[in-house]
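Novice:
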Amino acid sequence: MSILDKLLGKSGKTVDPVYENMRTEAFSSRIGDLKDVNTSSLGKVFGAVVDMPVGENTASLICFIDGRTSLGYSYGHCNPDIGKKYADVRQTVKTFLQGSETVLNTFAPTDKFSISKSRELTYIYLLTQDGVYVKSFDATEPSQDDRYLYMLFQNIITHIRLHLQKV
13 MSILDKLLGK SGKTVDPVYE NMRTEAFSSR IGDLKDVNTS SLGKVFGAVV
63 DMPVGENTAS LICFIDGRTS LGYSYGHCNP DIGKKYADVR QTVKTFLQGS
113 ETVLNTFAPT DKFSISKSRE LTYIYLLTQD GVYVKSFDAT EPSQDDRYLY
163 MLFQNIITHI RLHLQKV
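Under my numbering, think of the first position of the sequence shown as 13, with each following residue one higher.
1) Report yes or no: do the segment 120–137 and the segment 63–75 share at least 3 C-beta pairs separated by less than 8 Å?
2) Under 8 Å between the Cβ atoms of Arg102 and Gly79?
3) Rounded to whole angstroms, what is the Cα-Cα separation between Leu19 and Tyr87?
4) Can you say whether Ser40 is buried or exposed, counting buried as having 16 or more other CB atoms within 10 angstroms of its CB?
5) In the DSSP assignment, the beta strand (DSSP E) including Ser82 goes from what residue to what residue?
6) For Met34 and Tyr85, I'd like the C-alpha separation in whole angstroms.
7) I need the boundaries of the alpha helix (DSSP H) containing Val27, first residue and last residue.
8) Relative to the C-alpha of Tyr135, which residue among Pro154, Leu174 and Val27 is closest?
9) Which of helix, strand or coil does DSSP assign to Leu116?
10) Would Thr81 be called buried (16 or more neighbouring beta carbons within 10 Å of its own) or exposed?
11) According to the Cβ coordinates, are Ala151 and Tyr162 closer than 8 Å?
12) State the Cα-Cα distance for the pair Leu176 and Ala71, rounded to the nearest angstrom.
13) Taking C-alpha atoms, which residue in Pro121, Ser112, Tyr98 and Asp123 lies nearest to Leu164?
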């Protein structure tokens, strides 16, 4: 358990139901669920779930091309719909999703979305018109494509954190 987790009193043993529901809703989303988006002009990727290890827990970045963006933690802290409030977050999400499409061929199709128990691997799930695709990588030893995706989704998280610090 990390020092931060000990300070917060988070054991990582139970998953918060609100967090779990947020992930479930993301994976059940379809392109027709998008609001105020011309779906005929979209590429294949319309959303993503990025699961990252945080101590003994998992943080998930959930984002859609229509700007809906949430950041949640398996121990129970969630920032839902933060993309709705901030144009810069929506723009970084759009850049990430469009960039993801350029490396979609490095992902594998999946129908399994369990929360990772790995403390080393980051999982990126891409929601597409053809189903869900997944890729995992160790952020300490990323490939060129992985570094590109890592930079893009970390940019979203940076923008979210900047706004949360102002609140």
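For every residue, glycine included, the Cβ atom is placed at its ideal position computed from N, Cα and C.
Specialist: Judging by the given coordinates:
1) yes
2) yes
3) Interpretation of Leu19 is limited by its pLDDT of 38, a score under 50 that renders its predicted location unreliable; no figure is taken from the coordinates.
4) exposed
5) Thr81 to Tyr85
6) 10 Å
7) Premise fails: Val27 is in no alpha helix (DSSP H) and is neither H nor E.
8) Pro154
9) helix
10) buried
11) yes
12) 16 Å
13) Ser112
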